[in-house]
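One structure is given here, and the rest of the page talks about it.
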Amino acid sequence: MTQDGIDQTFVLIKPDALSLSLTGYVLSQLSEFHAGLRFAGAKIVHVTRMLAEEHYAEHKGKPFFPAVVEYLMGCVHYPDSPDKRRVIALAYSGPGAVTTVRKIAGPTSPHVARDTAPGTIRALGTIVPLKDAAGNPAGERMDNLVHASSSPSDAQREINLWFIPSDIMPAMRQYATEVCDDYYYLKDGNLSMTREPGSICILAPGQMAWKSDVEAMQKILQGEPAHCTLDAVVAKYLINEKLETS
Ligand code: CDP
Ligand code: MG
Numbered sequence: 194m195t196q197d198g199i200d201q202t203f204v205l206i207k208p209d210a211l212s213l214s215l216t217g218y219v220l221s222q223l224s225e226f227h228a229g230l231r232f233a234g235a236k237i238v239h240v241t242r243m244l245a246e247e248h249y250a251e252h253k254g255k256p257f258f259p260a261v262v263e264y265l266m267g268c269v270h271y272p273d274s275p276d277k278r279r280v281i282a283l284a285y286s287g288p289g290a291v292t293t294v295r296k297i298a299g300p301t302s303p304h305v306a307r308d309t310a311p312g313t314i315r316a317l318g319t320i321v322p323l324k325d326a327a328g329n330p331a332g333e334r335m336d337n338l339v340h341a342s343s344s345p346s347d348a349q350r351e352i353n354l355w356f357i358p359s360d361i362m363p364a365m366r367q368y369a370t371e372v373c374d375d376y377y378y379l380k381d382g383n384l385s386m387t388r389e390p391g392s393i394c395i396l397a398p399g400q401m402a403w404k405s406d407v408e409a410m411q412k413i414l415q416g417e418p419a420h421c422t423l424d425a426v427v428a429k430y431l432i433n434e435k436l437e438t439s
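If you're matching positions, the sequence shown starts at 194 in the working numbering and goes up one per residue.
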């Protein structure tokens, strides 16, 4: 929670909700009338593997990690149509935003949601049994329609991961920003301050950036440990750049 007592939270309308045409329903459940919260930002995102893996970084190494990354990328619900793979990323602002949206979303498991919290969004989800390469049972994947931040610090991490500052209405920008003084380029997964053939410009002088991102990039360039990975900084600058087909 910030000093003014207003929380922000981050929501994803996941590919299963899009493929089931539940977008309008989800947005209506999260409307100002129902939730008492305000939209702070919204965008439609074709999710790269880099972004999906960073989003679920806390689950790296768990059995369901590969499945949930493919799910978020849309590979599961649009296997033959990479052009349809997308999610809707939203930031909401208001008192108790994290708790309110988690409550409307419901428990992680759609079965638990149906048993204990009917009426929540995730009660409309499904659970899919998984098999390994040999066809043996290998756990399950919970297709639960929406993501919602589970704490204010997760919300900050996720809003910083998915949005650039100008995606958020100025009056609702809660995390520190700064105007960039330098050029930052990316080439083959490496950060540099000088342009080389084939490098991508991530940030240029005069552009508004999250202060935490500029700090992380400076640390990374100096070879010092940063509070987040380079992928966590650059992933949002690579959103909707090209179609990912695998
Ligand atoms: O989304 P939430 O914070 O409620 O749950 P999580 O434990 O952070 O897991 C992230 C996502 O991974 C879930 O929303 C599910 O879609 C998926 N998951 C899964 O497929 N199987 C599990 N055993 C746990 C999570
Ligand atoms: Mg979570």
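Where a beta carbon is used, it is the ideal one built from N, C-alpha and C, also for glycine.
{"Asked": "Spell out the partners DSSP gives Y285 in its beta bridges.", "Found": "T202, F232"}
{"Asked": "Apply the 10 Å Cβ neighbour rule to Q415 and answer buried if 16 or more other Cβ atoms are within range, or exposed otherwise.", "Found": "exposed"}
{"Asked": "Apply the 10 Å Cβ neighbour rule to K404 and answer buried if 16 or more other Cβ atoms are within range, or exposed otherwise.", "Found": "exposed"}
{"Asked": "Give the straight-line distance between the Cα atoms of L423 and A402, rounded to the nearest whole angstrom.", "Found": "14 Å"}
{"Asked": "Can you look up M410 in the DSSP assignment and give me helix, strand or coil?", "Found": "helix"}
{"Asked": "For M194, name the three-state secondary structure that DSSP assigns.", "Found": "Legend: pLDDT at M194 = 46, less than 50; position of this residue unreliable, no value from coordinates given."}
{"Asked": "Under the criterion of a Cβ to heavy atom distance below 6 Å, does S214 qualify as lining the ligand MG?", "Found": "no"}
{"Asked": "R334: beta carbon under 6 Å from a heavy atom of the ligand CDP?", "Found": "yes"}
{"Asked": "Quick one: does the C-beta of V261 sit closer than 6 Å to a heavy atom of the ligand CDP?", "Found": "yes"}
{"Asked": "For Q196 and D406, what's the separation of their Cα atoms in angstroms?", "Found": "In this prediction, Q196 has a pLDDT of 44, which is less than 50 and means its spatial position is unreliable; what the coordinates show is noted afterwards. About 22 Å."}
{"Asked": "Enumerate in chain order the residues of its own chain whose CB-to-CB distance from S286 is below 7 Å, with the five nearest sequence positions on each side excluded.", "Found": "I199, Q201, L230, R231, A233, M365"}
{"Asked": "Relative to the ligand CDP, is the shortest distance from any of its heavy atoms to the C-beta of T309 smaller than 6 Å?", "Found": "no"}
{"Asked": "Kindly indicate which three-state DSSP category S274 falls into: helix, strand or coil?", "Found": "coil"}
{"Asked": "Looking at the unbroken alpha helix (DSSP H) that takes in S385, where does it start and where does it end?", "Found": "Counting along the chain, S385 falls outside any alpha helix (DSSP H), though it belongs to the beta strand (DSSP E) covering 383 to 385."}
{"Asked": "What do you get for P418, buried or exposed, if any count of 16 or more other CB atoms within 10 angstroms of its CB means buried?", "Found": "exposed"}
{"Asked": "Relative to the C-alpha of T293, which candidate in I393, S224, A306, Y378 has its C-alpha closest?", "Found": "S224"}
{"Asked": "Beta-carbon separation of M335 and I320 under 7 Å?", "Found": "yes"}
{"Asked": "Report the option in A260, A341, A245 whose CA atom is closest to the CA atom of R295.", "Found": "A341"}
{"Asked": "Are there three or more Cβ pairs, one per stretch, closer than 8 Å when the segment 324 to 335 is compared with the segment 245 to 259?", "Found": "yes"}
{"Asked": "By how many angstroms is the C-alpha of E408 removed from the C-alpha of H420?", "Found": "9 Å"}
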